[in-house]
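Peer 1: Before I ask anything, let me first share the structure, which is written out below as structure tokens.
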Amino acid sequence: MSDTNRADADLPPGTSYLFDEDGHVRQNKIVLEPVPTSDPNDPLNWSTVRKQTNFWLTMVATSIIFTAVSIQVVMWQPMMEDHGMDINQGQLVNASAVGLAGTALGCTLLIPFAIKFGRRSSYVIGLFCMLLLSVWQALMTSYKEVYATQFLMGLCQAPNETIVQMTISDIFFVHQRGAADGWYMNMVNIGSFLSPIIAGYICMAQGWRFTYWLCTLFYGIILVAFILLFEESKYTPILTATTAAPAAFDTTNASSGWQQPIDDGYRKNSKDSKDIKDSPLSQTQIDAIEIGEVPIDESIPRKTYWQRMALISKTDEAMWPLYWRPFFLLVSFPNILYTGLMYAFSLCWISVIGNIQAMFMPLPPYNMSPGALGLQSLGPFIGCVLGSIYSGFFSDWLIIKLSKRNKGYYEPEMRLHASHIGALAQPAGILMFGICLSQGRHWMLLQVGGGIFGFGLGSISTNAITLTIDSYRGVTGEAFVGIAFLRNCFSIVLVFAINPWLAHQGVRNMFIVIGVWSFVVCCLHLPLLKWGKYFRIRTAHTYKHFLETKGEGRG
Numbered sequence: 232m233s234d235t236n237r238a239d240a241d242l243p244p245g246t247s248y249l250f251d252e253d254g255h256v257r258q259n260k261i262v263l264e265p266v267p268t269s270d271p272n273d274p275l276n277w278s279t280v281r282k283q284t285n286f287w288l289t290m291v292a293t294s295i296i297f298t299a300v301s302i303q304v305v306m307w308q309p310m311m312e313d314h315g316m317d318i319n320q321g322q323l324v325n326a327s328a329v330g331l332a333g334t335a336l337g338c339t340l341l342i343p344f345a346i347k348f349g350r351r352s353s354y355v356i357g358l359f360c361m362l363l364l365s366v367w368q369a370l371m372t373s374y375k376e377v378y379a380t381q382f383l384m385g386l387c388q389a390p391n392e393t394i395v396q397m398t399i400s401d402i403f404f405v406h407q408r409g410a411a412d413g414w415y416m417n418m419v420n421i422g423s424f425l426s427p428i429i430a431g432y433i434c435m436a437q438g439w440r441f442t443y444w445l446c447t448l449f450y451g452i453i454l455v456a457f458i459l460l461f462e463e464s465k466y467t468p469i470l471t472a473t474t475a476a477p478a479a480f481d482t483t484n485a486s487s488g489w490q491q492p493i494d495d496g497y498r499k500n501s502k503d504s505k506d507i508k509d510s511p512l513s514q515t516q517i518d519a520i521e522i523g524e525v526p527i528d529e530s531i532p533r534k535t536y537w538q539r540m541a542l543i544s545k546t547d548e549a550m551w552p553l554y555w556r557p558f559f560l561l562v563s564f565p566n567i568l569y570t571g572l573m574y575a576f577s578l579c580w581i582s583v584i585g586n587i588q589a590m591f592m593p594l595p596p597y598n599m600s601p602g603a604l605g606l607q608s609l610g611p612f613i614g615c616v617l618g619s620i621y622s623g624f625f626s627d628w629l630i631i632k633l634s635k636r637n638k639g640y641y642e643p644e645m646r647l648h649a650s651h652i653g654a655l656a657q658p659a660g661i662l663m664f665g666i667c668l669s670q671g672r673h674w675m676l677l678q679v680g681g682g683i684f685g686f687g688l689g690s691i692s693t694n695a696i697t698l699t700i701d702s703y704r705g706v707t708g709e710a711f712v713g714i715a716f717l718r719n720c721f722s723i724v725l726v727f728a729i730n731p732w733l734a735h736q737g738v739r740n741m742f743i744v745i746g747v748w749s750f751v752v753c754c755l756h757l758p759l760l761k762w763g764k765y766f767r768i769r770t771a772h773t774y775k776h777f778l779e780t781k782g783e784g785r786g
């Protein structure tokens, strides 16, 4: 295909041109997508240190936040035995569901503020509130306080799931996001699986209240780090001659909205040329490939430290559409709906398995202490880490290979080829865990089943999350509001249903149903491999309309 033909053709949202049509990298370069501006303040032009500082602060916060959500189940037995507490197992199960209800409500109510007023304020305020709630949790004495703290903790931690994806979209290019989301899933895994192991032994040694005091300390440390080091990554482009008509793109028909890049003007930041090559998020996937040229306009003043650390970065979006648009996106864009269903059910099974372990493992034939109960998270944790690494880094490598075979064009659905193994592993692990538990088999078999489930969880969830970011980057925030809401709604229903479901079907039949259910959902990537691009073409006009009415910010 000639340059002219490429310039005349329209691309659906998510499709991007990475290589020459013969599969070779032009002058050893990758076309950057999204296209950075010439503004030195553009987060895409940040140095490696600035990007990594922001990214790893969000990763540490993610692990701490998921720790707060997951550790209570290993402390159920000590809490029920505490004479200063008035609570039973049924109330603790319901408290887990109440926490999920707070999360579902929080992402709906609070994320619009992060979109309009910036990421930094949402992180700082949320972490400060969680610090106060952790103090309350260490002092609570009744089930009413457990309900209240769980609900408010869910409300405050809710923005994290969405803002992390917004941050990844803000600072990384397409060929880096799979690895970034792989690290995100690893941090979720650390908080969900590794932290309960540590919390169980701390609980045995120092008591369950001390565990919450320790959480308070970590909240304080990460809060101070965010206040001092986390930069606002929300960016409003400065419209100059350079940014309005970047050389890498044909702008003769700007109204079409989906122009393909042409060969001229590959861009590289001469000052920050190591951003991608030296980044641990991209070294594997790019190998020896360098990115193209981006001239930085030094006439644009660089922001001072205090400007970069501003608590509020307001743009001109209307607030009301930010509340209803996430749900419209969820039901109207099949790629986003797939991510919502995949992410929802995958994390939902974590809640179910965690609650089942807390109910059965302290009883014969296992008779596990809180520390031993926490160790049951080790298998899923190892599986999730391996799955996230496999999916994140392998999918970034895979899209480069597949793009070369596709005449240089990248399609977001290419990542889903890395989901086949996970689609089999997740339901297989669930079935193994549930059937072995129902038969009272050795706890090592439960660990193996949990590990297989974890591998499927880590690999499929990473690909699903990155699919949405790559397909509809401009509405990442709104999309993940709907995804997080859907995820928590399913979790609420299933956690509330655990006791009657067990009473009706028993452990074995319950997990058979969950395994079949998981298999059906995990296979939803197959229709997207065939029709995903068609869906993006059909939704291109709606997506473009959303971008035109979104406001002045980039995303």
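Quick note: the sequence shown uses my numbering, first residue 232, plus one each step. Even for Gly, the Cβ is constructed at its ideal location relative to N, Cα and C. From a predicted model like this one, the values you see are computed outputs, not experimental measurements.
Which two residues bound the contiguous alpha helix (DSSP H) that contains F558?
Peer 2: As a position in the sequence shown, residue 558 is number 327, starting the count at 1. Counting along the chain, the alpha helix (DSSP H) containing F558 begins and ends at M550 to S563.
Peer 1: Are N719 and L331 touching if we call contact CB-CB under 7 Å?
Peer 2: What you label residue 719 is simply residue 488 of the sequence shown in a count that begins at 1. What you label residue 331 is simply residue 100 of the sequence shown in a count that begins at 1. Yes; because the gap between Cβ atoms is below 7 Å, this pair is in contact.
Peer 1: Just tell me which of V329, A326 and I531 has its CA closest to the CA of S269.
Peer 2: Taking the first residue of the sequence shown as 1, we reach residue 269 at position 38. For the residues V329, A326 and I531, the minimum Cα distance to S269 belongs to I531.
Peer 1: Would the region 607-624 count as touching the region 398-413 if we require 3 or more Cβ pairs under 8 Å?
Peer 2: Output reads yes: the region 398-413 touches the region 607-624.
Peer 1: Grab me the residues of Y432's own chain with a C-beta within less than 8 Å of its C-beta, minus the 5 sequence neighbours each way, in chain order.
Peer 2: Translated into the one-based positions of the sequence shown, residue 432 becomes position 201. So the qualifying residues of the chain are P601, G602 and G605.
Peer 1: Could you check which residue in G349, A328 and Q322 has the C-alpha nearest to that of S544?
Peer 2: As a working note, residue 544 is residue 313 in the sequence shown. When only C-alpha atoms are compared, the closest one is G349.
Peer 1: Mind checking which residues open and close the alpha helix (DSSP H) that includes G681?
Peer 2: Stepping through the sequence shown from its first residue, residue 681 is reached at position 450. Taken as a continuous stretch (DSSP letters only), the alpha helix (DSSP H) holding G681 covers W674 to S702.
Peer 1: Assign D412 to one of three DSSP states: helix, strand, or coil.
Peer 2: Here residue 412 refers to the residue found at position 181 when the sequence shown is read from its first residue. The answer is helix: DSSP assigns D412 an H, G or I state.
Peer 1: If I measure Cβ to Cβ from S486 and keep anything under 7 Å in the same chain, skipping five residues before and after, which residues do I get?
Peer 2: The count along the sequence shown starts at 1 and reaches residue 486 at position 255. Bear in mind that a pLDDT of 31 at S486, under 50, signals an unreliable position, so the number given afterwards is only what the model happens to contain. Same-chain partners within the cutoff: there are none.
Peer 1: For H776, is the classification buried or exposed, using 16 other Cβ atoms within 10 angstroms of its Cβ as the cut-off for buried?
Peer 2: Numbered from 1 along the sequence shown, position 545 holds the residue referred to as residue 776. Label assigned to H776: exposed.
Peer 1: Are the CB atoms of M310 and W439 nearer to each other than 7 Å?
Peer 2: Locating residue 310 in the sequence shown gives position 79, counting from the first residue. Locating residue 439 in the sequence shown gives position 208, counting from the first residue. Yes, these two residues count as a Cβ contact at 7 Å.
Peer 1: Tell me the rounded alpha-carbon separation between P658 and F684.
Peer 2: Here residue 658 refers to the residue found at position 427 when the sequence shown is read from its first residue. Here residue 684 refers to the residue found at position 453 when the sequence shown is read from its first residue. P658 and F684: Cα-Cα distance of roughly 7 Å.
Peer 1: Report back the beta-carbon spacing between S247 and N420 to the nearest angstrom; my notes put them in contact at under 8 Å.
Peer 2: Here residue 247 corresponds to residue number 16 of the sequence shown, with the count starting at 1. Here residue 420 corresponds to residue number 189 of the sequence shown, with the count starting at 1. The pair is not a contact, with the Cβ atoms about 30 Å apart (cut-off 8 Å).
Peer 1: Assuming F457 contacts V355 (C-beta within less than 8 Å), just tell me the rounded distance between them.
Peer 2: To locate residue 457, count along the sequence shown from 1; it is residue 226. To locate residue 355, count along the sequence shown from 1; it is residue 124. Contact flag correct, Cβ pair sits at about 5 Å.
Peer 1: Is it a yes or a no for the region 564-572 touching the region 689-702, going by three-plus beta-carbon pairs under 8 Å?
Peer 2: Yes, they touch.
Peer 1: For T770, I'd like the list of residues in its chain whose CB is within less than 6 Å of its CB, leaving aside the five on either flank, ordered along the chain.
Peer 2: If you number the sequence shown from 1, residue 770 lands on position 539. F564, listed in sequence order.
Peer 1: If you check the beta carbons only, do M416 and M290 fall under 7 Å apart?
Peer 2: On the sequence shown, position 185 is the one that residue 416 refers to. On the sequence shown, position 59 is the one that residue 290 refers to. Going by C-beta atoms, M416 is not nearer than 7 Å to M290.
Peer 1: Could you pull the start and end residues of the alpha helix (DSSP H) that T284 belongs to?
Peer 2: To locate residue 284, count along the sequence shown from 1; it is residue 53. Counting along the chain, the alpha helix (DSSP H) containing T284 begins and ends at T279 to S301.
Peer 1: Could you check if K282 is buried or exposed, using at least 16 other CB atoms within 10 Å of its CB as the buried criterion?
Peer 2: Start at 1 with the first residue of the sequence shown, and residue 282 comes out as number 51. Label assigned to K282: buried.
Peer 1: Whose C-alpha, out of C338, S365 and A299, is nearest the C-alpha of A710?
Peer 2: As a working mapping, residue 710 is identified with position 479 in the sequence shown. Ranking the options by Cα distance to A710, first place goes to C338.
Peer 1: Relative to the alpha-carbon of L738, which residue among I661, N637, Q308 and H648 has its alpha-carbon at the smallest distance?
Peer 2: The sequence position of residue 738 within the sequence shown is 507, counting from 1. For the sequence presented, residue 738 should be read as Val rather than Leu. Closest option to V738, Cα to Cα, is I661.
Peer 1: Going by CA-CA distance only, name the one from V405, T279, F576 and V724 that's closest to N325.
Peer 2: In the sequence shown, counting from the first residue as 1, residue 325 sits at position 94. Measuring from the Cα of N325, the nearest candidate turns out to be V724.
Peer 1: Would you tell me roughly how many angstroms separate the C-alpha atoms of N391 and M599, rounded to the nearest one?
Peer 2: As a first step, residue 391 must be located in the sequence shown, where it is residue number 160. As a first step, residue 599 must be located in the sequence shown, where it is residue number 368. Using only the alpha carbons, I get a separation of about 33 Å.
Peer 1: Tell me which residues share the same chain as C667 and place their Cβ nearer than 7 Å to its Cβ, disregarding the 5 neighbours each side in the sequence.
Peer 2: Here the question's residue 667 lines up with position 436 in the sequence shown. Hits under 7 Å: L676, L677 and G680.
Peer 1: Should S608 and L688 be called a contact, given that it needs their Cβ atoms to be closer than 7 Å?
Peer 2: To locate residue 608, count along the sequence shown from 1; it is residue 377. To locate residue 688, count along the sequence shown from 1; it is residue 457. Against a cut-off of 7 Å, the Cβ pair of L688 and S608 comes out as no contact.
Peer 1: Would Y641 and Y703 qualify as a contact pair, given that the criterion is a beta-carbon distance under 7 Å?
Peer 2: As a position in the sequence shown, residue 641 is number 410, starting the count at 1. As a position in the sequence shown, residue 703 is number 472, starting the count at 1. Not a contact, by the Cβ cut-off of 7 Å.
Peer 1: Just grab the DSSP bridge partners of Y765 for me.
Peer 2: Walking along the sequence shown from the start, residue 765 turns up at place 534. None, per the DSSP bridge assignment.
Peer 1: Alpha carbon to alpha carbon, how far is M361 from I452? Give it in angstroms, no decimals.
Peer 2: By 1-based counting over the sequence shown, the position of residue 452 is 221. By 1-based counting over the sequence shown, the position of residue 361 is 130. Rounded to the nearest angstrom, the two C-alpha atoms are 12 Å apart.
Peer 1: Flag this pair as yes or no: are the beta carbons of R351 and F441 separated by less than 7 Å?
Peer 2: Position 120 of the sequence shown, counted from the start, is the residue given in the question as residue 351. Position 210 of the sequence shown, counted from the start, is the residue given in the question as residue 441. No, they are not a contact pair.
Peer 1: Starting from C446 and walking both ways along the alpha helix (DSSP H), at which residues does that stretch end?
Peer 2: The residue labelled residue 446 in the question sits at position 215 within the sequence shown. Counting along the chain, the alpha helix (DSSP H) containing C446 begins and ends at W439 to L460.
Peer 1: Check whether the Cβ atoms of L553 and I346 sit closer than 7 Å, and answer yes or no.
Peer 2: Position 322 of the sequence shown, counting from 1, holds the residue named residue 553. Position 115 of the sequence shown, counting from 1, holds the residue named residue 346. For L553 and I346, yes; Cβs fall inside 7 Å.
Peer 1: How would you call D241, buried or exposed, if buried means at least 16 neighbouring beta carbons within 10 angstroms?
Peer 2: Start at 1 with the first residue of the sequence shown, and residue 241 comes out as number 10. D241 should be labelled exposed.
Peer 1: Can you list the alpha helix (DSSP H) stretches of 4 or more residues lying completely in the region 577-638, in chain order?
Peer 2: If we require 4 residues or more, the alpha helix (DSSP H) runs fully inside the region 577-638 come out as 601-606 and 609-636.
Peer 1: Using 10 angstroms around the beta-carbon of W307, count the other beta-carbons present and answer buried if the total reaches 16, otherwise exposed.
Peer 2: Taking the sequence shown and counting its residues from 1, one reaches residue 307 at position 76. Buried, by the Cβ-count rule.
Peer 1: If you reduce the DSSP assignment to three classes, tell me which class S464 lands in.
Peer 2: Within the sequence shown, numbered from 1, the residue matching residue 464 stands at position 233. Looking at S464 - three-state DSSP - the assignment turns out to be coil, as it is neither helix nor strand.
Peer 1: Taking DSSP's pairing of strands, which residues face S247 in a bridge?
Peer 2: Taking the first residue of the sequence shown as position 1, residue 247 is located at position 16. Partner(s): Y641.
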